[in-house]
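Residue numbers (our numbering), protein chains in the order written: chain A, -14 to 301; chain B, 60 to 459.
Even glycine gets a Cβ: it sits at the ideal position worked out from N, Cα and C.
Following: one structure in structure tokens, then a few remarks.
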């Protein structure tokens, strides 16, 4: 797996600055690192959203790899078409094989919600592509509306904190688990704030033929109401609180990539939540019960994940 | 004007769906992405068997929806591939979001489409409400009168869509069940002839060109969007001459010439019906019978609805006395059908123009027969003779 120096020096950058994302935005890091980690020719297909809008305002582009945007809910289907075209034209001799890697991405809205069917179909069909979801937990591009990825009790503009409602009342979907249900060779969960874990997973995924999926937690200072300088730390704390464990699932086998608990570094989820303005109502009088509820949910999920990983490690 | 042709064509009995699938086999697209929907299902189904038997090199992408079918085609075409899909009705409506994107990206995707009424209520039979719903999506729309035309049109659509001056996606429609499932004897080009006619495809750009990375599908704000729509608008205008040229060449080579319109016994006609698709075949019989009686009746079949042949239609109809436009869908605009309103607008600036009435007919597969069409010509004859226009928009074959 590549060192940071190797990532920075092996090839010219394929995702460059000059784009219009906000200061402290989490996703540019993901795509810069992802493209640095892939040595082969790569085609990127992006869903409508912050990343697409900020990186491809005509006549400018941040993409030094071929980049295709079609619509919001169909980056997986569109990418599957690019991949099918490549294999078809290589097979018929119209194109020389060059080991092109295919990457589709979407935000959490474009992946957990409106693009889920397109993604599910593409994974089931077995296309040789890597789908990356940058998950900042709401429709940030349109102004912080709740999505299926918004955590419970977060404040958003369509599930606002009011006098009687404490924000979003539903739990976040477990997207990685849904993807595992597709029996694909590789599924992983990571963060924008851990370059090594992220690039390791991208390298691993691109070495595998078939459909791969990585969901990456990325902070949005605007939507999370956080300080721009905390962006990297915030996703690291999401891991340390066990709200967002780093793990991967290879051929159905779960494996933890980091265990803050075993290292004695597990922090209460409240420590992570209190840095974010979207949860500030939980720290007012009366919020204790809601915080306890979130902690119980995180603990249960963490214990379930540990048990699964332990079960699979014993099988080997 | 059938001409002598040297090319020996195969005579075979085919349904409309079989004929379109046969054309697709000869085209041998790089990618076909499709999803089942009555009455178009068979096209992809038959084509799948060509894939399974190794008769084509196509990569078949059996998607989970029509939205993904067209999305995958956009991906394939943006990768420089020849891509096709097929659908009908709700499937076309589900593709509707992606249709203008395919056109704006100038991707010459060709789609056989079987006309079927849109829901609701749900109905699987023929009318043109699906195709008309997507009429302003930047796609070329070619309507087929019968199975032979369905086959010929699919081949021509590839040439038209991929033409350097056009580079737009194209729909080739048949009428659901009436053509899609009815067997007729047709002539099929030899494979090598069909391949030679459509020629090799060289895309304008490809996202697979790693040496020359491009960004496709940028966000285009106030300062560029307008200028980026204009070339597409102009390409639709240019497409008219290309469609005529390709239709003429097809006629010269294979004895079946095509144009934007088909004029049937129109030379000295005083009255005419204007229609699209399979109804034209029935109307021709009625015209023949009326001509035998000495009436100067004719038929104008609009083969290409998009781009709309506004100049040609005006030229043909301006000198007539009375015209009935038959619409197999209603615009739901509180007035009449889409073909009617566009035909009227084509004639608006003509100094001389006929009286025009509109009939909405055949919704949801309701039969249209010789007697109904005869009654329309009878009314046109009385309008020609000075009777009041009366009801401008009427509903033919609906119980009142």
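Residues sharing a beta bridge with residue i, DSSP
| i | result |
| --- | --- |
| residue 357 of chain B | B/331 |
| residue 169 of chain B | B/143, B/229 |
| residue 86 of chain A | A/27 |
| residue 210 of chain B | Per DSSP, none; premise fails for residue 210 of chain B. |
| residue 288 of chain A | Paired residues: none, contrary to the question. |
| residue 54 of chain A | A/31 |
| residue 455 of chain B | B/420 |
| residue 151 of chain A | A/146 |
| residue 241 of chain A | A/232 |
| residue 91 of chain A | A/118 |
| residue 385 of chain B | B/418 |
| residue 215 of chain A | BP columns for residue 215 of chain A are empty, so no partner. |
| residue 365 of chain B | B/200 |
| residue 0 of chain A | A/48 |
| residue 119 of chain B | B/91 |
| residue 72 of chain B | B/244 |
| residue 130 of chain A | A/124 |
| residue 199 of chain A | A/117, A/173 |
| residue 466 of chain B | Because chain B is modelled from 60 through 459, residue 466 of chain B falls outside the range shown and cannot be assessed. |
| residue 12 of chain A | Answer is none; residue 12 of chain A lacks a bridge partner. |
| residue 321 of chain B | B/360 |
CB contact check: residue i to chain B, cutoff 8 Å
| i | result |
| --- | --- |
| residue 103 of chain A | yes |
| residue 17 of chain A | no |
| residue 13 of chain A | no |
| residue 38 of chain A | yes |
| residue 30 of chain A | yes |
| residue 85 of chain A | yes |
| residue 26 of chain A | yes |
Inter-residue CB distance, residue i and residue j (contact presumed, cutoff 8 Å)
| i | j | result |
| --- | --- | --- |
| residue 416 of chain B | residue 383 of chain B | 5 Å |
| residue 122 of chain B | residue 94 of chain B | 5 Å |
| residue 143 of chain A | residue 134 of chain B | Wrong, their Cβ atoms sit about 31 Å apart, outside the cutoff. |
| residue 152 of chain B | residue 169 of chain B | Rounded, the Cβ-Cβ distance is 19 Å, inconsistent with contact. |
| residue 460 of chain B | residue 247 of chain B | The structure shown does not extend to residue 460 of chain B, since chain B is modelled only from 60 to 459, so the question has no answer here. |
| residue 122 of chain A | residue 93 of chain A | 6 Å |
| residue 131 of chain B | residue 120 of chain B | 5 Å |
| residue 15 of chain A | residue 203 of chain A | 6 Å |
| residue 31 of chain A | residue 90 of chain A | 5 Å |
| residue 184 of chain B | residue 175 of chain B | 7 Å |
| residue 120 of chain A | residue 200 of chain A | 6 Å |
| residue 50 of chain A | residue 140 of chain B | At roughly 19 Å, the Cβ-Cβ gap does not stay under 8 Å, so residue 50 of chain A and residue 140 of chain B are not in contact. |
| residue 468 of chain B | residue 227 of chain B | Coverage of chain B is limited to positions 60 through 459, which leaves residue 468 of chain B absent and any answer about it impossible. |
| residue 43 of chain A | residue 277 of chain B | 4 Å |
Any C-beta of chain A under 8 Å from that of residue i
| i | result |
| --- | --- |
| residue 252 of chain B | no |
| residue 133 of chain B | yes |
| residue 388 of chain B | no |
| residue 130 of chain B | yes |
Chain E contact residues for residue i, given Cβ-Cβ distances below 7 Å
| i | result |
| --- | --- |
| residue 156 of chain B | Protein chains in the displayed structure are A and B, and chain E is not among them. |
Where the segment 138 to 149 of chain B meets chain A: residues whose CB sits under 8 Å from a CB there: For the segment 138 to 149 of chain B, the beta-carbon criterion of a distance under 8 Å to any beta-carbon of chain A is satisfied by 138, 139, 140, 142.
Residues, ordered as in the chain, of the segment 267 to 293 of chain B that lie near chain A by beta-carbon distance below 9 Å: The segment 267 to 293 of chain B vs chain A, Cβ under 9 Å: 267, 268, 269, 270, 271, 272, 273, 274, 275, 276, 277, 278, 279, 280, 282, 283, 284, 287.
Interface residues of the segment 86 to 101 of chain B facing chain A [CB-CB below 8 Å]: Per Cβ criterion, the list reads 89, 90, 92.
Residues of the segment 59 to 79 of chain A with Cβ closer than 7 Å to any Cβ of chain B, in chain order: Under the 7 Å Cβ criterion, the segment 59 to 79 of chain A contributes 59, 62, 63, 64, 65, 66, 67, 69, 70, 71, 72, 73, 74, 76, 77.
Sufficient close CB pairs (3 or more, under 8 Å) joining the segment 173 to 185 of chain A to the segment 96 to 115 of chain A: The segment 173 to 185 of chain A, when compared against the segment 96 to 115 of chain A, does not touch it at the 8 Å Cβ threshold.
Contact residues within the segment 101 to 127 of chain B, judged by C-beta distance below 9 Å to chain A: From the segment 101 to 127 of chain B, only 116, 117, 118, 119, 120, 121, 122, 123, 124, 126, 127 have a Cβ closer than 9 Å to chain A.
Within 9 Å of chain A by C-beta, residues of the segment 218 to 248 of chain B in sequence order: Answer in chain order: no residues at all.
Chain B contacts made by the segment 41 to 53 of chain A, where a contact means CB separation under 8 Å: Residues of the segment 41 to 53 of chain A with a C-beta less than 8 Å from any C-beta of chain B: 41, 42, 43, 44, 46, 48, 49, 50, 51, 52, 53, listed in chain order.
Members of the segment 158 to 186 of chain B near chain A, C-beta cut-off 7 Å: Listed by position along the chain: 160.
Segment contact flag, the segment 301 to 317 of chain B with the segment 212 to 224 of chain B, C-beta cutoff 8 Å, min 3 pairs: These segments touch.
Residues within the segment 106 to 127 of chain A neighbouring chain B, beta-carbon criterion of under 9 Å: Those would be 106, 107, 109, 110, 112, in chain order.
Validate contact between the segment 73 to 89 of chain A and the segment 286 to 301 of chain B using beta carbons, cut 8 Å, 3 pairs: Cβ pair count under 8 Å is below three, so no.
Stretch-stretch touch, CB-based, cutoff 8 Å, three pairs: the segment 183 to 192 of chain A with the segment -14 to 1 of chain A: The way I'd put it, the segment 183 to 192 of chain A does touch the segment -14 to 1 of chain A; three or more beta-carbon pairs between them come closer than 8 Å.
Segment contact, 8 Å Cβ cut-off, at least three pairs: the segment 360 to 375 of chain B with the segment 387 to 396 of chain B: They do not touch, by the three-pair rule.
Inter-stretch contact at 8 Å, needing at least 3 Cβ pairs: the segment 322 to 336 of chain B / the segment 431 to 440 of chain B: A contact is defined here as three or more CB-CB pairs under 8 Å, and the segment 322 to 336 of chain B meets this definition with respect to the segment 431 to 440 of chain B.
The segment 251 to 261 of chain A in contact with the segment 272 to 290 of chain A per 3-pair CB rule at 8 Å: Between the segment 251 to 261 of chain A and the segment 272 to 290 of chain A, the count of Cβ pairs shorter than 8 Å is three or higher; the stretches touch.
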